[in-house]
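Protein chains in written order, with my numbering: chain D, 9 to 1046; chain S, 299 to 753.
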């Protein structure tokens, strides 16, 4: 939003004729610094008491004194508990099951606490639904220790006491009872049975109350479509593991589509088993994480997607859907053929926030009787109602709202008509915002009720019908905060604690006699399901009975929907808004881990930007260029949507972006109540008109270049297929391993021998057969590139945040990175072919291969220290700071390192990270390690590295050592699965498996023997302890 | 305190003899008291106070003292008190002791009064005690407790010895010595002068000229370049050696014994009372930290141990010399009560706590990972191996240097305790085959690898 406000520094500036202002503008230092005056005056100089020699003496003395003083060790105080809680043993971690339900992310998780401080989020493997923590959930533990949190209730910006706030609000609510003004609760999606009951009771206490649920990123169309078809405002649940064919019309289901959490079931179906794996076709505008994982990806504008969807329905239904453009016909034909083949094993999903599209998709799945879609047990993770939100804004402006209580929402930032909302808010007598940061809404509201973090709160959630989860506090409130539900209870005059309230709800209506303590310990509870067979039987009979009538009644609206879809037209360039894996809807924008988290696709951190296709970029004159210091620069664009202008939006040229579309992510551009470092990007919500993610936009080039902090400038592998080995399902099934997983050869005595042969080895092999020998397996088929492991590694290993400037200088500290490569030709296989055939003109070919294709294949590869058995870094360290262990881990003794960086230069995988600066207790890096609160997240078992030392992945040696010690203490053998690293335990898709290969029974030993196993850059002969599994694509081409 | 200490240094013998006297006096007194008790008991004729004392200590002392309110009321002359104030007889006491809860439930007025007065904590029922046992205990409670009188006597005698032991101090002796040396110097000077004057008188020429001709030794030394070079090298090597030695001491705080906010004596707890280390430092079994015990652990015992009575013979001369009197220790216990917020009068916690800021003695740098449970539980190493004779330490100090060389040496020399630990079975078999030894050291298991301690 452009502002017309004029800011002035002094009154003089208001007078245009003031000479001082002009003088200052020309010359900041109007008075000369009197150096000459002082030095020129010999008399004065000789009269000074401190001469040069004295000065040197003082310097010498103070240096010596400082040096001597440094010899004395500091006195450390140790303060034990006065009364030690019997559950806490200093030095031993406790785990609690809880649930995050912040309105955007819903997941059942475990929280690791040390000495009462939550320090890490783990997956809750007991949970059958959403048991995996994504990158944002992993990072949410740091948001607990956010120094910009609201630390107590406020009234008009001044701190007040809860008592006073309670009294004021209760008085007002009471006085509204007999007025014609209403009380409105504007909340996030809670999906909480107890909160629902509480709000219902609140409505009884204050009958003129209405409840408006608001999702910043709306799934309104999907909810309404499901409601029309199935009679419940919810979202269908999908099990992609059951699908043999997945067709997605712009649904980023590996991202945040319909609440997310689908990656683990998707990944299970993607690993070739018995020669079979699922096939995934994606039609989309932006290159999304999901599209990057697809076997076939068709870049299409939203309009084209709609037409294609309509035509696909026509094909499957046998009806003729005419009209629309014909350029989608080929794709539609192919998809229809595949879907017919897969039958009920196919599933179609869409991310188009358009009720017609959603209706048609549901109809197709119903038509196919898709096994992957579950409409019986829908999800409740999005409940926002656009119509009600819009009505609320108009009601507020019309003065019909007397009190507005907001929880978990920031409409003053995330509403497209935020200005209307703010002006309406001024007309509301009592506006209370349960705010976490002093955000836009909190600043506009009269009262700010400081909200507790979810790790400080009680709660419950019903993520999916019948799947309940409980949230328990893992730490007492750090500040004078209170959760929304407790406040509602107080304002209703109910003395009960919210804990008792939840327990009551569960005891009466959920647990059905099961143990509350057990449910609390597990964190999840599934209501005893009626036997599945029964449900299906009743279902079948019901549907067969109703079939004819139901079909009759539903055909008419579907036909209308199809007609409207096929007739959709676009008015030029389409803007497609999306959410990033790192930032989501922006509620954690103050979290430095997430700000520094590189986007899986663009690999840009600390920014949002528009993504444009190369062709469009040329047309509009946009450029991306790498400047001398290695940084990426991009042009600025000016976007205009329906009169709203967004200035200075940086541009990234994105391979795979559909022509005539641009993408822009939500979640950035927050400014209020946050540190300057975190206030990054532009606010895409201002263009989110009518809560539609696709908008007609006018794009213009603006002047200037934006400096990006992009961690990967290399886009393609340039035909070097040995980095990410991949093949197609057909070759994988029919050809010999040698064909698709080729072992590099070297020549010895004029004979070709495999590079892994001991004869080809310069070094002697150590015996690692005794004890443990750790290996890590990374399945490139299961890895979706989601990045949860990156944040988990951050949290476990105290990886510092270095800031945008340093990232731009390639000084990122991520121990684990996920490389993303595009193919230069249409597929990676063709890249290799092009390279091999470029006998003459090699240089030109290679230059050509640097450029990614218009619609490339994409591959992700997590790379951390490969823990080579013949490590190149170890041999060049002059001080033996890095050494190998018998257990296969490459050790790094930080206190021994002198920072020559030879090791980093000699590492073929470029996984070593150098501490250019001291990142803790340093105002230059004002992130979490620079304040006492943010430091509470530090893992006490891992060293915080200092300046001038090299650091890298340790294969989480603190975790393996702990596992070994636990077994020793208990005098038992270690079972498979006990050894974990932060990344392997964070990986909900099962791509990263860690274990001991000396244990023959272990999963990792089995995976190492698999035909798909290969080592990264095997021909270098480093013999890594990390290995990968060849990526298999289920494409049609042989 | 320091003055007392000095004075006592020279009067050890005197003090010791006085102490011996006082202890014998104490013993006599106690004997006398016991006699009195016995007499009284035989007079009432229904309980043996000696047996009663034993029973009391076994069953009652955790919650009751004779002259002091604790978890339960003070019990001195309890029977008389009850009979006089409440009109309750011994039968009431029998019932109460055997089943107090039942009595409260039955609505007995005094039982309920007591129950309410003592925070509604019902007294443990002792159905195993016979009436005779209770008689014995009551006989013991009825006897005037002799200990305080004896203690006063001891204190008095201590005071006496303290007063008497003043007198000659170090300074006087030193002064005398200085005086003697001074006299000697003066005498030498005088003798020398006299001899010279005698020589001059006798016409002896002092050999001054001769001395001038000879090349002084330092000049000869300076002229010999080889010698200078060798000497310089030795000098440099020597100073380098000492400089290195001194530098290596930087940051090694062996012997560091800071003054703690509460004078906690490991000698009394681990030495005299033989309390197992891990009773208080319980987390050493399971955690990387041995843990400084939280104050509620202290209160497990110190709820009833409210004063220091020390050895039955009274404080040793050494203790006295350091000022560690019984009163001193009792004062330290009061510091604990203040920190934990214990109201001695009413035997309850006030909730006003002041966490104790102990000064940390063993400071391993952050880059070294050390796990107590690995060494204590798995390896079964005695605490004293690294922490020294803690049971003899009045003031805790750092015994081991805690340097990496010290760690490594131990890892090289110490065998792993593999017996009965299933974890080691396979590894031990393979490793001992590989190294051809039966006993494996920590180093053979990989205990010297950098990453085992540095991550």
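All residues carry an ideal CB built from backbone N, CA and C; glycine is no exception.
Simplified DSSP assignment, three categories, for residue i
i, result
"residue 763 (chain D)", "coil"
"residue 545 (chain S)", "helix"
"residue 555 (chain S)", "coil"
"residue 591 (chain S)", "coil"
"residue 103 (chain D)", "strand"
"residue 429 (chain S)", "helix"
"residue 599 (chain S)", "helix"
"residue 3 (chain D)", "This structure cannot settle anything about residue 3 (chain D), because the visible part of chain D is limited to 9 through 1046."
"residue 475 (chain D)", "strand"
"residue 238 (chain D)", "helix"
"residue 565 (chain D)", "helix"
"residue 733 (chain S)", "helix"
Cβ-Cβ separation, residue j to residue i (assumed contact under 8 Å), whole Å
i, j, result
"residue 268 (chain D)", "residue 142 (chain D)", "6 Å"
"residue 149 (chain D)", "residue 692 (chain D)", "The Cβ separation is near 27 Å, so there is no contact."
"residue 1032 (chain D)", "residue 874 (chain D)", "3 Å"
"residue 260 (chain D)", "residue 359 (chain D)", "6 Å"
"residue 786 (chain D)", "residue 1000 (chain D)", "5 Å"
is_contact[residue i, chain S] using C-beta, thresh 7 Å
i, result
"residue 899 (chain D)", "yes"
"residue 947 (chain D)", "no"
"residue 783 (chain D)", "no"
"residue 84 (chain D)", "yes"
"residue 1005 (chain D)", "no"
Chain-order list of residues whose beta-carbon lies under 7 Å from that of residue i (same chain, five-residue window excluded)
i, result
"residue 95 (chain D)", "102"
"residue 423 (chain S)", "396, 397, 398, 399"
"residue 207 (chain D)", "193, 219"
"residue 181 (chain D)", "191, 214, 411, 499"
Contacting residues, own chain, Cβ-Cβ under 6 Å from residue i (five flanking each side not counted)
i, result
"residue 944 (chain D)", "125, 153"
"residue 273 (chain D)", "247, 248, 249"
Own chain, CB closer than 8 Å to residue i, minus 5 neighbours either side, in chain order
i, result
"residue 752 (chain S)", "665, 666, 667"
"residue 886 (chain D)", "906, 908, 910"
"residue 951 (chain D)", "806, 902"
"residue 1055 (chain D)", "For chain D, the structure presents residues 9 to 1046; residue 1055 (chain D) sits outside this window and is missing."
"residue 694 (chain S)", "555, 558, 562, 564, 659, 688"
"residue 366 (chain D)", "229, 230, 232, 233, 234, 358, 360"
Within-7 Å CB hit, residue i to chain D
i, result
"residue 699 (chain S)", "no"
"residue 655 (chain S)", "yes"
"residue 560 (chain S)", "no"
"residue 630 (chain S)", "no"
Q: Check each residue of the stretch 973-1002 of chain D: if its Cβ is closer than 7 Å to any Cβ of chain S, include it; give the result in chain order.
A: 973, 975, 976, 977, 979, 980, 981
**Q.** Where the stretch 810-836 of chain D meets chain S: residues whose CB sits under 8 Å from a CB there
**A.** none
**Q.** Short-range partners of chain D found in the stretch 381-406 of chain S, where Cβ spacing is below 7 Å
**A.** none
Q: Give the residues from the stretch 369-380 of chain S that approach chain D closer than 8 Å (Cβ to any Cβ), ordered along the chain.
A: none
Q.
Give me the subset of the stretch 676-700 of chain S whose CB atoms are less than 8 Å from a CB atom of chain D, sorted by chain position.
A. 676
Q: Could you run through the stretch 880-908 of chain D and flag, in chain order, every residue whose CB is less than 9 Å away from some CB of chain S?
A: 888, 889, 890, 891, 892, 893, 894, 895, 897, 898, 899, 900, 901, 902, 903, 904
Q) In the stretch 86-113 of chain D, which residues sit with their C-beta less than 8 Å from some C-beta in chain S, listed in chain order? A) 86, 87, 88, 89, 90, 91, 92, 97, 98, 99, 100
Q | Contact list for the stretch 632-647 of chain S against chain D, Cβ threshold 8 Å | A | 637, 638, 639
Q.
At a CB distance below 7 Å, what residues from the stretch 597-609 of chain S approach chain D? Give them in sequence order.
A. none
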